[in-house]
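**Q**
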Amino acid sequence: MEIRKITDDNIDEYEDFIDEDIAQSIGREFYRSIAIHDDGEEEPVAAVVWELKDFEEDRDTEAEIEWLYIKDPKAGDMLMEEYKNEIMDDEVKRSFFEFESMDKNSSAVIKKSGFTAEKAESRDIVVTVEDLNNLSLVKKKTPPYITSINDLMVRQFRKGITNCLFHSRKGILEDLAFLPMSWYDSDVSCCVQTDEKVNGFLLVHRKASGALVVDLLFALEPDAKINLLNMIRYSINAAYDKFPPETEVILRKHNGMTEALIHKLFPNKKGAEVIKGEKKEEYE
Amino acid sequence: MELSHRNYASLFLNGAAIFILLGMIANTTIYRKRGRKDDKLFFFMMLADIAVALCDSVVALANGRDFTGAKALNLAGYTGIYLAESVVAYLMPLYLIYRYTRKEELYRRAACISIIPAGIVFAAYLIGLPFKLFLYVDDDNQYQYGKYYLIPLSVLLAYMLAGFIIPIVIKVKSGRLKHMHIWLYLLPVAGFAVPYVFKLAANASVVYAVIFAYLHMSAMNEEFFDDRYGREARL
Amino acid sequence: MSFHGEVITTLYVEGTALALVIGLMVNTAGTRRKDGVRDKIFKLLIIHALFLSVTDALSFGFRYQSFDGATIITRVSRNLNEVLVLGFLFHWMIFVDYLLYGSRDHLERKYRPTTIPIIVCVVALFVNTFTNFLFEFDDNQIFIAKPAYWVIVAIEYLYMLDTVVLLLKFYAKSSGPRFIRVLPFIVPFVAGSVISRLSPYEVRSLGMAVGLVLLHFSLMNERCYRDEETGFYNVAFLKYIAGFAAEHDSEGGCSIIFDGAEKEEELGAIIRDELPGKCAVVNMGHGRFMVLAQTQSKTAINLFINAVKEAAHEENMEISADYSIRDASNSGETFIKGIIEKI
Chain Y
1 MEIRKITDDN IDEYEDFIDE DIAQSIGREF YRSIAIHDDG EEEPVAAVVW
51 ELKDFEEDRD TEAEIEWLYI KDPKAGDMLM EEYKNEIMDD EVKRSFFEFE
101 SMDKNSSAVI KKSGFTAEKA ESRDIVVTVE DLNNLSLVKK KTPPYITSIN
151 DLMVRQFRKG ITNCLFHSRK GILEDLAFLP MSWYDSDVSC CVQTDEKVNG
201 FLLVHRKASG ALVVDLLFAL EPDAKINLLN MIRYSINAAY DKFPPETEVI
251 LRKHNGMTEA LIHKLFPNKK GAEVIKGEKK EEYE
Chain A
1 MELSHRNYAS LFLNGAAIFI LLGMIANTTI YRKRGRKDDK LFFFMMLADI
51 AVALCDSVVA LANGRDFTGA KALNLAGYTG IYLAESVVAY LMPLYLIYRY
101 TRKEELYRRA ACISIIPAGI VFAAYLIGLP FKLFLYVDDD NQYQYGKYYL
151 IPLSVLLAYM LAGFIIPIVI KVKSGRLKHM HIWLYLLPVA GFAVPYVFKL
201 AANASVVYAV IFAYLHMSAM NEEFFDDRYG REARL
Chain B
1 MSFHGEVITT LYVEGTALAL VIGLMVNTAG TRRKDGVRDK IFKLLIIHAL
51 FLSVTDALSF GFRYQSFDGA TIITRVSRNL NEVLVLGFLF HWMIFVDYLL
101 YGSRDHLERK YRPTTIPIIV CVVALFVNTF TNFLFEFDDN QIFIAKPAYW
151 VIVAIEYLYM LDTVVLLLKF YAKSSGPRFI RVLPFIVPFV AGSVISRLSP
201 YEVRSLGMAV GLVLLHFSLM NERCYRDEET GFYNVAFLKY IAGFAAEHDS
251 EGGCSIIFDG AEKEEELGAI IRDELPGKCA VVNMGHGRFM VLAQTQSKTA
301 INLFINAVKE AAHEENMEIS ADYSIRDASN SGETFIKGII EKI
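Chains as they are written, first to last, in our numbering: chain Y, 1 to 284; chain A, 1 to 235; chain B, 1 to 343.
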């Protein structure tokens, strides 16, 4: 069996196997992926995609397994062995995952390699554009200084991102500093400019599958809270104009603030049941 | 006996003076830390003026009243005003000399010479009390001027006049003192003279407080550190 | 013409207020600060205070006078005085907000609607000059308030309360050093206002003048830590911060030093343009600048350095940059002192 790295140069070879949303992320700064092939075969028998978290920060580096494919359990064991070697180089201290479901092979392999696995509530809340449009906050008018990111020059956009990072805000993106403006939907994503500097963003990415995901919601003083609401209003209106009402929107509860905000907007919504697992990584 | 309008005026103006002076003391901490003599002299002038304001307030509350200890308080306050004013009068010319010339020798000579008359006035106010020479309080607990009150007062006024003339001389001789608007000081000085038109006493503490405020405002317009980037700052 | 006791007291008080305000005007003419907005608003406040003292004196000074014109002068002065108080408080709100946030766009967005009550009050006061529906004066030129007048008073106190709330909210969130103290203005102003309402004397202008003087001292104290030419902090600020850090040890921190090789003005302008929020910049002299920030993210720091270098390259400048991130085992004071040694 041979081990191959999946990169954006060879991703086309895997498009029949890999989830389209995950495929879209291959090549991003902190995404890594490997696949196991039988000798001479083009079809992989096992593959894994993971993202490094806090890689360039002072905190312990972690890895989130975003996608796992195991056709052959023996290949799966080899895959996890190779995964461990890869993350050892990056000094990963903890691995974790959240999957909607796991097949028997994946479940067995993951448990064998030392992961816990249990059912839990997802950190993601999935709503539709229609649900968002029905919120009462949408009824008010958006002020003219909330604009689409289309109105920004690349340099202004970069300055705004730098501003975010200096305030230790990166949303759900580890590679916020490296993603181009084109990663985000330019009509639905918006910003607020104060004194010719971007001091607030709502960045929304459209996945390959068509779902929208809120990548970053951030605003600085003055008027941070008011601007956050204004940006949410703007984006919802833009999404309603552009996309069908049944389009899914993924809201991730990645910290206390976003959890509180999501709960305020959708108090009765809960995350779907998923399988979560983790493992502390130790190396000899 | 109720407080008169004059007493209320005293209290408002002394209150304002104390506020300004305390505010200036708090805001000149960084000035005192830089280690210059004139900043320290300024500090003591402000303390002395606070004493003037407090003593004046005591007089405003005690003068003409007949509660227990009112007469003693009135006399103590009244004397305190003039003692504190002699301190202000002594320090003011020294402050101006040091600030605008920075000549140690000149400053030391002026300090040694001018302490003699100021010291004599200070002692005279105290010694003259039992003899009612300069200040006293009558049987109705009203403050009064003694027979010879003009003598020490003239000395104090001479010091204040010196304080007015010194910057003019420096400005004319050296062409410096761009930030000092000398005509401005006529305003508080008028605060000494104008009340006499209405047969009132001037409120010395607030007049000094205004003068000190002007002095500090002009000091703030000068460069704080000797180098532009503050590299030599001692904090 | 003879004057009653309370009139003389008030005139002396107004004279003192006027002397203070004139002193402020003379000493604040021609400031050298790069950011003129704050100074312009402060000068407006001084002008308000000047005319307030004059109109206070005029509206009070003719009490018990019976000559023709005494009533007219009193009435017109008092109405003008109330307009000036509203104008002062409105500009005061803007001043405090700008002091805290330094944002012109924010001022326009937030305070445009708040001009409406003022405009309504000003119109009402103009109408009152002819109709006396807010207040009037008796034969001795003594002020008599009518019920509608208290609406104007309430609006005045609401504007003042707004600034207090703004300050308290800001101080609750921010933990950095505060050079400029605003509360020493509020205390004498409110004291003067309350005494004026409860006593036969008018001392509001004196409270206002004293407050402005103290505020001016505070503003000028901050200047000691500023390099006048660039508007950035000077090296003395670092020494002050070391002392502050010793008392209030906070997390995070990095310092980035840019060296523009004597091209101080150009590099200063680039840094100001690219600077993210929550950073302090120290002008170390000879074209060197130090940026102090709370972040410890190498990604963020490198992004910022690259942006500055790119902008400098466009100006045909080659600059160097170096940074250090505060170690977890270092106290804030040790970190800053380590930086000072590099100067």
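From the three backbone atoms N, C-alpha and C, an ideal C-beta is built for every residue, glycine too. Quantities reported herein were computed from a predicted structural model and do not represent experimental measurements.
Residues of chain Y with CB closer than 7 Å to the CB of B/THR276, please, in chain order.
**A** In the sequence on display, residue 276 of chain B carries Pro and not Thr. Within chain Y, the residues near B/PRO276 are THR162, ASN163 and PHE166.
**Q** With a threshold of 7 Å on Cβ separation, who are the neighbours of Y/HIS37 within its own chain once the five nearest residues in sequence on each side are excluded?
**A** The residues are MET1, GLU2, ARG4, PRO44 and VAL45.
**Q** Who are the neighbours of B/MET208 on chain A, taking C-beta pairs under 7 Å?
**A** Residues of chain A passing the Cβ test: none, with the nearest at roughly 11 Å.
**Q** Is there a C-beta anywhere in chain A that falls below 9 Å from the one on B/GLY260?
**A** Cβ-Cβ to chain A under 9 Å: no for B/GLY260.
**Q** By a C-beta neighbour count over all protein chains shown, 10 Å radius and 16 as the cutoff for buried, is B/THR131 buried or exposed?
**A** Under this definition B/THR131 is an exposed residue.
**Q** Buried or exposed, going by whether 16 or more other CB atoms sit within 10 Å of the CB of Y/ASN85?
**A** The residue is exposed, with fewer than 16 neighbouring Cβ atoms inside 10 Å.
**Q** Could you say which of B/ILE47, B/LYS239, B/PHE51 and B/PHE60 lies nearest to B/THR10 if we only look at CA atoms?
**A** The shortest Cα separation from B/THR10 among B/ILE47, B/LYS239, B/PHE51 and B/PHE60 belongs to B/PHE60.
**Q** Would you mind listing the beta strand (DSSP E) stretches within the segment 108–188 of chain Y that are 3+ residues and don't spill past its ends, in chain order?
**A** Counting only runs of 3 or more, we get 118–121, 124–128 and 146–148.
**Q** Y/ASN199 CB to nearest chain B CB: under 9 Å?
**A** Closer than 9 Å: yes.
**Q** Got a sec: is the Cβ-Cβ distance from B/HIS106 to anything in chain Y below 9 Å?
**A** Yes, contact with chain Y.
**Q** Quick check: A/LEU22 and A/LEU11, are their CB atoms within less than 9 Å of each other?
**A** The answer is no: Cβ separation not under 9 Å.
**Q** Do Y/ILE34 and Y/ILE11 have their C-beta atoms closer together than 9 Å?
**A** Not a contact, by the Cβ cut-off of 9 Å.
**Q** I need the straight-line Cα distance from Y/MET231 to B/VAL308, nearest angstrom please.
**A** Looking at the two C-alpha atoms, the distance is approximately 29 Å.
**Q** List, in chain order, every chain Y residue whose beta-carbon is nearer than 8 Å to that of B/LYS298.
**A** The contacting residues are GLU56 and GLU57.
**Q** Do you know offhand how far B/SER331's Cα is from B/ILE257's?
**A** When rounded, the distance between both Cα atoms is 20 Å.
**Q** Return the first residue and the last residue of the beta strand (DSSP E) that A/GLN144 is part of.
**A** Here the beta strand (DSSP E) through A/GLN144 covers 143–145.
**Q** For B/GLN417, is the classification buried or exposed, using 16 other Cβ atoms within 10 angstroms of its Cβ as the cut-off for buried?
**A** For residue 417 of chain B there is no data in the structure shown, the boundaries of chain B being 1 and 343.
**Q** Between Y/PHE97 and Y/ILE65, how many whole angstroms is the CB-CB distance? I'm expecting something under 8 Å.
**A** Contact holds; Cβ gap of about 4 Å.
**Q** Go ahead and pull the three-state DSSP assignment for B/GLN141.
**A** B/GLN141: coil per DSSP, three-state reduction.
**Q** Which runs of the beta strand (DSSP E), 3 residues or longer, sit entirely within the segment 12–85 of chain Y?
**A** Segments of the beta strand (DSSP E) lying fully in the segment 12–85 of chain Y: 31–37, 44–53 and 61–70.
**Q** Quick check on B/ASP227: buried or exposed, where buried means 16 or more other Cβ atoms within 10 Å of its Cβ?
**A** Answer is buried; the Cβ neighbour count reaches 16.
**Q** By a C-beta neighbour count over all protein chains shown, 10 Å radius and 16 as the cutoff for buried, is A/ALA123 buried or exposed?
**A** When all chains shown are included, A/ALA123 counts as exposed.
**Q** When you compare the CB of B/GLU318 with every CB in chain A, is at least one pair closer than 9 Å?
**A** It does not; no Cβ of chain A falls within 9 Å.
**Q** Tell me the DSSP secondary structure of Y/LEU220 in three-state form.
**A** Of the three classes helix, strand and coil, the one that applies to Y/LEU220 here is coil, per DSSP.
**Q** I need the boundaries of the alpha helix (DSSP H) containing A/MET24, first residue and last residue.
**A** Counting along the chain, the alpha helix (DSSP H) containing A/MET24 begins and ends at 5–27.
**Q** Looking at the structure shown, is B/ILE155 part of a helix, part of a strand, or coil, going by DSSP?
**A** In this structure, B/ILE155 counts as helix in the three-state DSSP scheme.
**Q** Out of A/MET220, A/TYR229 and A/ARG109, point me to the one whose CA is closest to B/THR28's CA.
**A** Ranking A/MET220, A/TYR229 and A/ARG109 by Cα distance to B/THR28 puts A/MET220 first.
**Q** Which chain B residues are close to A/ASN221, counting only those with a beta carbon under 7 Å from its beta carbon?
**A** Result: ASN27.
**Q** Does B/MET160 have its Cβ less than 9 Å from a Cβ in chain A?
**A** It does not; no Cβ of chain A falls within 9 Å.
**Q** What would DSSP say about B/ALA344, mapped onto helix, strand or coil?
**A** With chain B running from 1 to 343 in the structure shown, residue 344 of chain B is simply not present.
**Q** Would you list the one or two residues that DSSP bridges to A/ARG99?
**A** DSSP output for A/ARG99 lists no bridge partner at all.
**Q** For B/LEU292, go through chain Y and note every residue whose CB falls closer than 8 Å to its CB, in chain order.
**A** Within 8 Å Cβ-Cβ: nothing; B/LEU292 doesn't reach chain Y, min ~12 Å.
**Q** Hey, would you say B/LEU303 sits closer than 9 Å to Y/ILE149, going by beta carbons?
**A** No, these two residues do not count as a Cβ contact at 9 Å.
**Q** Looking at the C-beta of Y/GLN193, does it have a partner C-beta in chain B at a distance below 9 Å?
**A** Closer than 9 Å: yes.
**Q** In chain Y, what lies closer than 9 Å to B/ALA307 by C-beta?
**A** The answer, in chain order, is ARG155, ARG158, LYS159 and THR162.
**Q** What does the alpha-carbon distance come out to for the pair B/PHE217 and B/PRO117?
**A** Cα to Cα, the separation comes out at about 32 Å.
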